[in-house]
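Colleague: Let me begin by handing over the structure; questions about it come next.
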Amino acid sequence: MTLIDLANPTRFLSLATRLLPWLAAATAILLAIGLYQAAMAPDDYQQGATVKIMFIHVPNAWLSMFVWGVMSVAALGTLVWRHPLADVAAKAAAPIGASFTFLALVTGSLWGRPMWGTYWEWDARLTSVLILFLMYLGLIAIWRAVEDQSRAARAAAVLTLVGAINLPIIKFSVDWWNTLHQPASVFRTGGSTLDRAFLIPLLVMGVAFMFLFVTLHLAAMRNEILRRRVRSLQMMQVAQTGGRMA
Amino acid sequence: MALGTSLGTSLGPYASFIATSYMLVAAVVLMLIAWIAMDYRRQKRQLHELESGGAVRRSGRSAMDLK
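Protein sequence lines, in the order shown, are assigned to chains L and C.
Counting with our numbering, you get residues 1277 to 1522 for the letters of the first sequence.
Counting with our numbering, you get residues 104 to 170 for the letters of the second sequence.
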């Protein structure tokens, strides 16, 4: 099966249905390993046991940006290539991305209260992530509010691409501005500054959350394709009923 | 404290912040899974009802055909 074959929703449904049980099992195993390692990780010399919040906060923060990146590629697919699954992929990803962003914000606040002495600070990193969350909600609202599916797809694709400007702002906000949020410590030139005792559980949790996203996204895309089939069958039924009455 | 002891480590004075974070993530992830699973059932049921009522896709194939 080539990539072109996946442009066919039926072929995509078939592949997704076959892959989902394996992806769900891999996600569960990776999450179990990651959570065990997180539980067994030593306390940080400054943060104490509060460092354990990082093992869930950081993967959620990574995915909040990654999902918008996936949606941006899908937006190009909608606007440039008119790929039949592009809008399906973007629409299915939005609530999942919004959930990861919400969790990144809240777990960050729960870490910030004991470490910084405050739940919230209007610094560049926190504010730009809050804007990302609001943009996710805006996109979801567009898909719900605009009746015409193709118009909603185009409007959402444009907003997604405009919103992608926020991704480098989030990433480099800690370098460009003087923020309370600490600078990058995992993906940085010169290598990670984290000790292996923290880095390994964090990376395992990162991979586990990536698998979680792929699993949920495939399942949500399958739902969206079925929802569009329901809609088209309902419209055909209405058209047939109208034709008979005329 | 009980959670920390059972994990073989003490969660310290901020145990409630740590436990709340993990429980919140678990709750939101479980809600996402439940929402997606319920949505799948709803779409399948609606397709089944439509096809039982005589609605047919232009291709003539069943909307539930995943082969």
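Note that the Cβ used here is the ideal one computed from N, Cα and C, for glycine as well.
Since the model is a prediction, treat every value here as computed from it, not as a measurement.
Please report the straight-line C-alpha distance between L/Phe1448 and C/Val131, rounded to a whole angstrom.
Modeller: Residue 1448 of chain L sits at position 172 when you count from the first residue of the first sequence. Residue 131 of chain C sits at position 28 when you count from the first residue of the second sequence. Distance between the alpha carbons of L/Phe1448 and C/Val131 is about 28 Å.
Colleague: Flag L/Gly1324 as yes if its beta-carbon sits less than 8 Å from any beta-carbon of chain C, otherwise no.
Modeller: To locate residue 1324 of chain L, count along the first sequence from 1; it is residue 48. Chain C contact via Cβ: present.
Colleague: Distance cutoff 8 Å, beta carbons only. Does C/Leu155 sit that close to anything in chain L?
Modeller: To locate residue 155 of chain C, count along the second sequence from 1; it is residue 52. It is Ser, not Leu, that sits at residue 155 of chain C in the sequence shown. Answer no: the Cβ-Cβ gap between C/Ser155 and chain L never drops below 8 Å.
Colleague: Which full runs of the alpha helix (DSSP H) of 4+ residues lie inside the segment 1437-1522 of chain L, going along the chain?
Modeller: Runs found: 1442-1452 and 1472-1521.
Colleague: Taking only the alpha-carbon atoms, compute the straight-line gap between L/Ala1304 and L/Arg1498 and give it to the nearest angstrom.
Modeller: On the first sequence, position 28 is the one that residue 1304 of chain L refers to. On the first sequence, position 222 is the one that residue 1498 of chain L refers to. Near 20 Å, if we compare the C-alpha coordinates of L/Arg1498 and L/Ala1304.
Colleague: Closer than 8 Å by C-beta to L/Ala1328: which residues in its own chain qualify, once you throw out the five before and the five after it? Chain order, please.
Modeller: The residue you call residue 1328 of chain L lines up with position 52 of the first sequence. Checking the sequence, you will find Lys at residue 1328 of chain L rather than Ala. The answer, listed in chain order, is Ala1314, Ala1315 and Ala1317.
Colleague: Can you give the Cα-Cα distance for L/Asp1363 and L/Pro1371, rounded to whole angstroms?
Modeller: What you label residue 1363 of chain L is simply residue 87 of the first sequence in a count that begins at 1. What you label residue 1371 of chain L is simply residue 95 of the first sequence in a count that begins at 1. Their Cα atoms are separated by approximately 14 Å.
Colleague: On the DSSP letters alone, give me the boundaries of the alpha helix (DSSP H) that L/Ala1317 sits inside.
Modeller: Counting from one through the first sequence, the residue named residue 1317 of chain L turns up at place 41. Taken as a continuous stretch (DSSP letters only), L/Ala1317 belongs to no alpha helix (DSSP H), as it is neither H nor E.
Colleague: Please name the residue, chosen from L/Leu1381, L/Gly1345, L/Leu1408 and L/Arg1401, that lies closest to L/Tyr1395 on a Cα-to-Cα basis.
Modeller: As a working note, residue 1395 of chain L is residue 119 in the first sequence. Measuring from the Cα of L/Tyr1395, the nearest candidate turns out to be L/Leu1381.
Colleague: With a floor of 4 residues, list each alpha helix (DSSP H) that falls wholly inside the segment 1331-1413 of chain L, ordered by position along the chain.
Modeller: If we require 4 residues or more, the alpha helix (DSSP H) runs fully inside the segment 1331-1413 of chain L come out as 1362-1392.
Colleague: Closest to L/Ser1375 by C-alpha separation, out of L/Leu1406, L/Ile1418, L/Glu1397 and L/Phe1288, would be which residue?
Modeller: Within the first sequence, numbered from 1, the residue matching residue 1375 of chain L stands at position 99. Selected option, being the one with the closest Cα: L/Leu1406.
Colleague: Does the count of Cβ pairs from the segment 1349-1365 of chain L and the segment 1473-1488 of chain L closer than 8 Å reach three?
Modeller: Judged by Cβ distances under 8 Å, the segment 1349-1365 of chain L makes no contact with the segment 1473-1488 of chain L, as fewer than three pairs qualify.
Colleague: Give every residue of the same chain whose Cβ lies closer than 7 Å to the Cβ of L/Ser1385, excluding the five residues on either side of it in the sequence, and list them in chain order.
Modeller: Taking the first residue of the first sequence as position 1, residue 1385 of chain L is located at position 109. Tyr1395 and Trp1396, listed in sequence order.
Colleague: So with CB distances below 7 Å, who are the chain C contacts of L/Ala1496?
Modeller: Taking the first residue of the first sequence as position 1, residue 1496 of chain L is located at position 220. Chain C residues near L/Ala1496: Ile139.
Colleague: Can you tell me whether C/Ile139 is buried or exposed, with buried defined as 16 or more other CB within 10 angstroms of its CB?
Modeller: Your numbering for residue 139 of chain C matches position 36 in the second sequence. With 16 or more other Cβ atoms within 10 Å, it is buried.
Colleague: Give me the Cα-Cα distance between L/Thr1436 and C/Ala122, rounded to the nearest whole angstrom.
Modeller: Counting from 1 along the first sequence, the entry for residue 1436 of chain L is found at position 160. Counting from 1 along the second sequence, the entry for residue 122 of chain C is found at position 19. Looking at the two C-alpha atoms, the distance is approximately 34 Å.
Colleague: Three-state secondary structure (DSSP) at C/Gly115?
Modeller: By 1-based counting over the second sequence, the position of residue 115 of chain C is 12. Helix at C/Gly115.
Colleague: Report the rounded CA-to-CA distance for L/Val1451 versus C/Ser119, giving the unit in angstroms.
Modeller: Here residue 1451 of chain L refers to the residue found at position 175 of the first sequence. Here residue 119 of chain C refers to the residue found at position 16 of the second sequence. The amino acid occupying residue 1451 of chain L in the given sequence is Asp; Val does not appear at that position. So the alpha carbons of these two residues sit roughly 32 Å apart.
Colleague: Quick one: Cα of L/Thr1469 to Cα of L/Ala1460, how far?
Modeller: The residue labelled residue 1469 of chain L in the question sits at position 193 within the first sequence. The residue labelled residue 1460 of chain L in the question sits at position 184 within the first sequence. Rounded to the nearest angstrom, the two C-alpha atoms are 9 Å apart.
Colleague: Are the segment 1499-1515 of chain L and the segment 1335-1345 of chain L touching, with three or more C-beta to C-beta distances below 8 Å?
Modeller: The segment 1499-1515 of chain L, when compared against the segment 1335-1345 of chain L, does not touch it at the 8 Å Cβ threshold.
Colleague: Taking the alpha carbon of L/Ala1350 as the point to measure from, which residue in L/Arg1505, L/Val1506, L/His1493 and L/Asn1442 has its own alpha carbon closest?
Modeller: The residue labelled residue 1350 of chain L in the question sits at position 74 within the first sequence. Residue L/His1493 is the option with its Cα nearest to L/Ala1350.
Colleague: Relative to chain C, which residues along the segment 1473-1499 of chain L have a C-beta separation below 8 Å, given in chain order?
Modeller: Result list: Leu1488, Leu1492, Ala1495, Ala1496, Arg1498 and Asn1499.
Colleague: Using a beta-carbon distance below 8 Å, is C/Arg133 in contact with chain L?
Modeller: Position 30 of the second sequence, counting from 1, holds the residue named residue 133 of chain C. The residue you asked about is not Arg; residue 133 of chain C is Leu in the sequence shown. No, no contact with chain L.
Colleague: For L/Pro1285, which of helix, strand or coil comes out of DSSP?
Modeller: Indexing the first sequence from 1 puts residue 1285 of chain L at position 9. In this structure, L/Pro1285 counts as helix in the three-state DSSP scheme.
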